[in-house]
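Residue numbers (my numbering), protein chains in the order written: chain A, -9 to 101; chain B, 1064 to 1176.
For every residue, glycine included, the Cβ atom is placed at its ideal position computed from N, Cα and C.
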C-alpha cells in the first residue's frame, strides 16, 4: 500500500516565522488532504487538493498539490502560538475508498 | 456539526484485561473507523465499518476486534490488553464513500500496565 512520508517530523519555531512542511508518496495521488490536530483533540481538515499543480489557501495556510502527483506542501505564514499542533497529510488508499495518513509534523511555536 | 464522542479520554488497564473503547456519532454517518496514533507513525487504521454489523480489517487489526450493532456506535475491543497496545486511539466517521468528510473524536489515551 501507499506510504506517506512527512518532513520534518517536528519543528520548533519563533512566533512570526513562516513554516514549510511536505509530504511525499510512494505512488501517485489524485487527492491530497491536510489535517491539523490540536493538543487533546482529534484531527480537523484544513485544506483539500484535487488537481496536480493546484495551490489553495485557507487564511495564513497555503497548500500545493505537487505536479508529479507524488508530493504536497503546506506553508504557514507568520506563525502564531495557536498554530501549535500536529499536521498530517493524507491521501486515498490503493482502493480509493479511505484515507492513508502520513506520520505527522509536530509544530511548536515559541511566543 | 457532526459530533463524534469517545467515551473515555484516559484509561489505565492491566495486562490481560478485556478493554472496550466506545465511539458514538450523532449524524447518521454510514462509515466509522478506529485508528491508532503513535509518535512518528501517524494514524494507522485498525478496523472500519461501512454499515451495521459490517466490519473490515485495516492495516493493523491484530489483537483487536470491533462491534457495530447500531449505526451510531462503533466499539473497539482489546481481547487481552498488552503493553504494546498503549497508545492514543481515535475514532472517526464519514458520510458515503467520500474521502473528505472524516470527523474525528477527541481520542482515548490508553495505558496498559
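Note the first and the last residue of the continuous beta strand (DSSP E) segment covering residue 53 of chain A.
51 to 55
For residue 1078 of chain B and residue 39 of chain A, the rounded distance between their alpha carbons:
43 Å
Taking only beta-carbon positions, decide if residue 6 of chain A is within less than 8 Å of chain B.
no
Indicate whether at least one CB of chain B lies closer than 8 Å to the CB of residue 89 of chain A.
yes
By how many angstroms is the C-alpha of residue 1076 of chain B removed from the C-alpha of residue 69 of chain A?
39 Å
Distance, Cα to Cα, residue 1151 of chain B vs residue 44 of chain A?
33 Å
Between residue 1106 of chain B and residue 1098 of chain B, is the Cβ-Cβ spacing less than 8 Å?
yes
On the three-state DSSP scale, how would you describe residue 1138 of chain B?
strand
For residue 43 of chain A and chain B, any beta-carbon pair shorter than 8 Å?
no
Helix, strand or coil for residue 58 of chain A, going by three-state DSSP, please let me know.
coil
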